[in-house]
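Numbering of the sequence shown is given in the numbering used here, commencing with residue 579 and proceeding in unit increments. We treat Cβ as the ideally placed atom computed from N, Cα and C, and that holds for glycine.
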Amino acid sequence: MAPLNAMIANGAKRAAYSAGQAARVLWYTGHYAYGRRLMGPLTDPGEAPYAEEFGPLDRTRLKTAFRELFQRDWKNVEAGSYKMPVELRRTPSFSKLWRESRDYLLDARKVAQRKYARAHSEVLTDAMREKYPRYYLQNFHYQTDGWLSDASAARYDMQVETLFTGSAAAMRRQALPFVGEALKGRDAGAASLLDLGCGGGGFLADIHDNWPMLRLTALDLSPAYLGRARTALGGVRDVTFVQQPAENTRLPDASFDIITSVYLFHELPPKVRSDVAAEIARLLKPGGVYVHTDTIQYGDEPGFDILLENFPRGFHEPYYDSYCRADLPALFGEAGLKKSDETLAFLTKITSFRKLA
Ligand SMILES: C[S@@+](CC[C@H](N)C(=O)[O-])C[C@H]1O[C@@H](n2cnc3c(N)ncnc32)[C@H](O)[C@@H]1O
């Protein structure tokens with residue numbers, strides 16, 4: 579009887595997962611369609627089309643990879659690699675969804691106007707120059723206020739989920755088994771993890787949900803995004819918040835067992851990427867693990883290369899193309915980190931590196 583009960587419970591859990599994800603995909607795809615229409619074609623009227631370096635988009639593979647992501651996400655939940663995601667465990671708050679939707683749709687017009695005007699330097703003021711590096715002071719993705727306001731921080735997750743039609747959280751979660759692997763055979767209560775460019779803290783909240791004893795440090799250069807992370811991690815006892823650049827954290831040498839970063843590196847100029855790699859190597863304990871999560875790169879999924887080529891044309895992403903061409907094992911290898919594992923998760927790639935003992 580017990581196995582039958584377990585099968586029924588698993589079936590119910592799977593049905594809840596599928597229904598929840600289907601609703602999310604529908605919700606964000608609707609917003610994506612609206613935003614896409616506002617943003618219009620990549621080139622302005624009369625402008626010559628871009629010379630394309632890569633072949634056409636493989637739409638069949640795109641749909642398959644999207645489906646595979648959710649199949650894998652479910653398999654990980656079923657196998658206990660991580661818990662059922664919080665957003666699928668709780669009944670959604672309709673007033674929150676309504677607020678986020680309204681805010682996103684109203685702001686999408688401003689983003690589109692900025693795109694048509696190629697306006698990506700609104701946050702570059704003399705006052706800001708004194709506080710932040712020059713490369714940071716841009717309206718990345720043509721977003722309102724760049725990284726530098728509470729409104730931007732509050733809107734960010736909705737924007738990212740919409741961009742990826744509801745798959746962003748599932749892609750991020752594919753980094754969790756890498757954290758699990760790094761903790762294998764260890765006491766999580768005695769281990770420490772730093773998330774660089776933590777944004778609103780969603781990834782750290784997932785980590786805490788799965789390994790509540792782990793000591794966490796959340797680092798971001800934006801006080802607004804860090805403030806958001808503070809709220810997301812409000813119930814967490816052992817967490818430290820650091821507002822510093824990832825390339826110069828001012829944290830002590832060899833102070834972390836695990837370091838993670840999610841969607842940070844493609845926002846950094848090449849020189850800063852090398853500086854952050856060196857900083858990660860400095861901060862990791864010997865034998866420590868770095869879990870690197872970011873966009874896929876050219877050649878990872880050849881049928882998607884045209885997406886990578888077009889993305890920085892439609893959105894302000896000045897360092898994206900060079901990131902997609904970067905040699906990651908060489909970048910981190912020069913800093914003293916050795917590649918140990920890698921996986922693709924739809925449009926995201928997760929790579930782990932170990933600091934040589
Ligand atoms: C694309 S968002 C990613 C946020 C989050 N990790 C996620 O998974 O969605 C990039 C984040 O990195 C932060 N950031 C960018 N450059 C940084 C730097 N040099 N040092 C620290 N944080 C940085 C931004 O403020 C922003 O919160």
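Asked: Simplified DSSP assignment, three categories, for K653; Found: helix
Asked: Cβ-based neighbour list, H894, same chain, cut-off 7 Å, excluding 5 preceding and 5 following; Found: H698, Q716, N717, F718, H719 and Y720
Asked: beta-carbon V867 near ligand 1 non-hydrogen atom, thresh 7 Å; Found: no
Asked: Counted within 10 angstroms of its Cβ, other Cβ atoms place G779 as buried (16 or more) or exposed; Found: buried
Asked: Local conformation of F834 per DSSP, three classes; Found: strand
Asked: A769 beta carbon less than 8 Å from that of R808; Found: no
Asked: Any non-hydrogen atom of ligand 1 closer than 7 Å to Y694 Cβ; Found: no
Asked: Under 8 Å between C-beta atoms of A810 and G775; Found: no
Asked: Minimum C-alpha distance to P973 - residue among D798, Q821, G777 and V757; Found: A query on residue 973 cannot be resolved here, the shown segment of the chain reaching from 579 to 935 and no further.
Asked: Proximity test, Y714 beta-carbon vs ligand 1 heavy atom, cut-off 7 Å; Found: yes
Asked: Of the listed residues P896, I884 and V869, nearest to Y876 (C-alpha basis); Found: I884
Asked: Exposure label - S730; buried when at least 16 CB within 10 Å; Found: buried
Asked: Closer than 7 Å: V664 CB and nearest ligand 3 heavy atom; Found: You won't find ligand 3 in this model; what it holds is ligand 1.
Asked: Exposure label - R592; buried when at least 16 CB within 10 Å; Found: exposed
Asked: Residues bridged to T926 [DSSP beta-bridge criterion]; Found: T873 and A923
Asked: Ligand 1 heavy atom lying under 7 Å from the CB of P848; Found: no
Asked: Close Cβ partners of N588 (< 6 Å) along its chain, the five nearest in sequence each way excluded; Found: none
Asked: Span separating the alpha-carbon of A935 from that of R851; Found: 23 Å
Asked: Pair within 8 Å by beta-carbon distance, R689 and T740; Found: Position check: residue 689 holds Val in this sequence, whereas Arg was assumed. No, they are not a contact pair.
Asked: Sub-8 Å separation of K933 and L862 beta-carbons; Found: yes
Asked: Same chain, Cβ closer than 6 Å to Q821, five either side skipped, listed in chain order; Found: P801 and L804
Asked: Among E920, R891, G892 and M736, the one whose alpha carbon lies nearest that of E678; Found: M736
Asked: S918 - DSSP class collapsed to helix/strand/coil; Found: strand
Asked: Y710, DSSP secondary structure in three states; Found: coil
Asked: A597 classed as buried or exposed, judged by whether at least 16 other C-beta atoms fall within 10 angstroms; Found: exposed
Asked: Closer than 7 Å: F781 CB and nearest ligand 1 heavy atom; Found: yes
Asked: Same chain, Cβ closer than 6 Å to T607, neighbours up to 5 away in sequence not counted; Found: T743
Asked: Limits of the unbroken beta strand (DSSP E) element including V701; Found: Run containing V701: none; DSSP gives neither H nor E here.
Asked: Helix, strand or coil at Y898 [DSSP, three-state]; Found: helix
Asked: Close Cβ partners of R639 (< 6 Å) along its chain, the five nearest in sequence each way excluded; Found: G881
Asked: DSSP beta-bridge partners of V840; Found: T871
Asked: Minimum length 3: unbroken beta strand (DSSP E) runs contained in the stretch 760 to 802; Found: 770 to 774 and 793 to 797
Asked: Beta strand (DSSP E) segment containing V814, residue limits; Found: Run containing V814: none; DSSP gives neither H nor E here.
Asked: Closest residue to K693 among F910, G892, A923 and L922 (Cα-Cα distance); Found: G892
Asked: Buried or exposed (CB count within 10 angstroms, at least 16 for buried), L842; Found: buried
Asked: Proximity of G660 and R751 at Cβ, strictly below 8 Å; Found: The residue asked about is misnamed: residue 660 is Tyr in this sequence, not Gly. Yes, the Cβ-Cβ distance between Y660 and R751 is below 8 Å.
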